[in-house]
Amino acid sequence: LRVREVSVHAKSSIWSLLSFKSVDSGISLEESYKMDYPEMGLCIIINNKNFHENTGMACRSGTDVDAANLRETFTSLKYEVRIKNDLTRKEMLELMSDDHSKRSSFICVLLSHGEEGIIFGTNGPVDLKKLASFFRGDCCRSLTGKPKLFIIQACRGTDLDCGIETDSGSEDDMACQKIPVEADFLYAYSTAPGYFSWRNSKYGSWFIQALCEMLKKYAHKLELMHILTRVNRKVATEYESFSTDSAFHAKKQIPCIMSMLTKELYF
Numbered sequence: 027l028r029v030r031e032v033s034v035h036a037k038s039s040i041w042s043l044l045s046f047k048s049v050d051s052g053i054s055l056e057e058s059y060k061m062d063y064p065e066m067g068l069c070i071i072i073n074n075k076n077f078h079e080n081t082g083m084a085c086r087s088g089t090d091v092d093a094a095n096l097r098e099t100f101t102s103l104k105y106e107v108r109i110k111n112d113l114t115r116k117e118m119l120e121l122m123s124d125d126h127s128k129r130s131s132f133i134c135v136l137l138s139h140g141e142e143g144i145i146f147g148t149n150g151p152v153d154l155k156k157l158a159s160f161f162r163g164d165c166c167r168s169l170t171g172k173p174k175l176f177i178i179q180a181c182r183g184t185d186l187d188c189g190i191e192t193d194s195g196s197e198d199d200m201a202c203q204k205i206p207v208e209a210d211f212l213y214a215y216s217t218a219p220g221y222f223s224w225r226n227s228k229y230g231s232w233f234i235q236a237l238c239e240m241l242k243k244y245a246h247k248l249e250l251m252h253i254l255t256r257v258n259r260k261v262a263t264e265y266e267s268f269s270t271d272s273a274f275h276a277k278k279q280i281p282c283i284m285s286m287l288t289k290e291l292y293f
């Protein structure tokens with residue numbers, strides 16, 4: 027709800043209208059993030075496809091499809107999207123500096139190889155916690171109290187999910203508050219801890235396909251956690267690997283959401 031531009035004289039009537047709309051829609055202004063800053067936010071997409079030979083890591087075919095799909099999706103949600111291709115460890119860390127004072131939120135999408143707690147630059151690993159630390163409340167004051175979303179399409183290990191058959195059927199001013207420095211983060215992982223993450227060379231990764239589809243369908247209808255739950259279900263029920271190698275055939279995947287958000291998030 028973008029009402030910050032209205033005159034002072036209209037303020038009380040505008041907020042009366044907002045209060046009415048929030049009751050009517052079931053959205054509480056005090057329990058949801060303020061998303062009416064001049065800009066929706068910055069969405070950085072780090073798309074690592076080609077890796078240095080000494081890393082031994084293969085080219086991530088299909089990742090450009092993911093990047094294009096994400097650009098379209100978040101642009102439609104009014105984010106400023108910046109795609110950065112094939113960044114080294116140093117370049118990834120140096121990228122994490124900006125002033126977000128006029129922005130409602132921040133999104134960082136990481137498309138790369140990975141392990142548990144690790145995301146790879148083109149020349150080696152970067153600790154995910156270190157990468158995210160640039161946006162903590164004590165390090166990035168312009169994002170304090172604002173939602174910071176990290177979307178991670180990468181493996182978190184080498185375990186494969188064989189699946190199992192089922193028959194289950196069908197507030198107050200933030201300036202006056204002291205909040206934890208780790209608050210207001212959300213990590214949306216493509217897979218559960220320790221597991222392999224699947225990607226199709228033609229259509230992109232399962233997780234990003236599902237995420238973009240659900241955002242396009244529900245971004246203006248549902249709260250973020252509800253959207254991500256639908257992403258989980260879509261990946262879990264509609265995707266299965268097909269491979270001539272029996273060790274990689276008929277495998278499943280479930281995304282994993284870790285939220286430290288303190289309010290509901292509506293786009």
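Numbering (my numbering), first residue to last: 27 to 293.
Built from N, CA and C at the ideal position, the CB exists for glycine as well.
Between D271 and Y221, the CB-CB gap reaches or exceeds 8 Å. Non-local beta-carbon contacts of I280 in its own chain, meaning distances under 6 Å to residues more than five positions away in sequence, involve A218 and A262 in chain order. Taken through DSSP and simplified to helix, strand or coil, I178 comes out as strand. For C188, the closest of L136, W232, C134 and S267 by C-alpha to C-alpha distance is S267. CA-CA distance, F176 to I283, rounds to 10 Å.
CA-to-CA, the gap between M251 and E208 works out to about 18 Å. The beta carbon of H246 is closer than 7 Å to those of F293 in its chain, skipping five residues each way along the sequence. In this structure, DSSP gives K278 an extended state, which the three-state scheme calls strand.
The DSSP-derived three-state label of L250 is helix. Counted as a single uninterrupted DSSP element, the stretch harbouring S272 is not any alpha helix (DSSP H), since DSSP gives it neither H nor E. Around the beta-carbon of C165, fewer than 16 other beta-carbon atoms lie within 10 Å, marking it exposed.
For I72 against S138, the beta-carbon gap comes to about 7 Å, under 8 Å, which counts as contact. Secondary structure of Y244 (DSSP, three-state): helix.
Under the three-state reduction of DSSP, K116 is assigned to helix.
The residue from S269, K174, S223 and F161 with its alpha-carbon nearest to that of L291 is K174. Nearest C-alpha to F274 among K204, K156, P206 and S223: S223. Using a Cβ distance threshold of 8 Å, C69 and Y105 count as a contacting pair. Bridge pairing for E65: R129 [DSSP]. At a Cβ-Cβ threshold of 8 Å, I178 and Y215 count as neighbours.
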